[in-house]
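Be aware that the sequence shown starts at 63, since it is given in this note's numbering, and climbs by one per residue.
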Amino acid sequence: MGTLFWKPIVQTSFNEFVAWSHEKNVQLIGTSAKADVDYHTLIPKTPWVLVLGNEQKGLTKEQVDVCDVTVSIPMHGRVSSLNLSVAAGILLYQFGK
């Protein structure tokens, strides 16, 4: 508990973030309901960052284009998407194994 108090938090522009990730060789894993890669099949390279868009529209095309890989969480039945925090939890758990 209290991660907010001991983890460094940085605020920057998306372009500066992308430049930093390339400089540090960080894999950018994007998320999209339209992605062809099922999240179960991805073994992230270390270090990696999960890039999430907003809940209504997701990532922009420009944001998806700079990601090294874009993954989806397959939906079943009548469900078309998940709440952003739920999707983040699923993906962070899977990639953190």
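Just so it is clear, CB atoms sit at the ideal spot from N, CA and C, and this is done for glycine as well.
query                                                                                                                                                                   : result
Does DSSP put Asn145 in a helix, in a strand, or in coil?                                                                                                               : coil
Assign Arg152 to one of three DSSP states: helix, strand, or coil.                                                                                                      : Going by the sequence as given, residue 152 is Ile instead of Arg. Note: Ile152 maps to helix in three-state DSSP.
Which residue's Cα is closest to the Cα of Lys159: His102, Val128 and Phe79?                                                                                            : His102
Determine the direct distance from the alpha carbon of Gly64 to that of Thr132, and round the result to whole angstroms.                                                : 30 Å
Taking contact to mean at least 3 C-beta pairs separated by less than 8 Å, is the segment 106-120 in contact with the segment 64-74?                                    : no
Apart from the five residues on each side of it in sequence, which residues of its chain come closer than 8 Å, Cβ to Cβ, to Pro136?                                     : Asp100
Please report the Cβ distance between Gly92 and Gln125, rounded to the nearest whole angstrom; I am assuming they are in contact, meaning their Cβ atoms lie under 8 Å. : 7 Å
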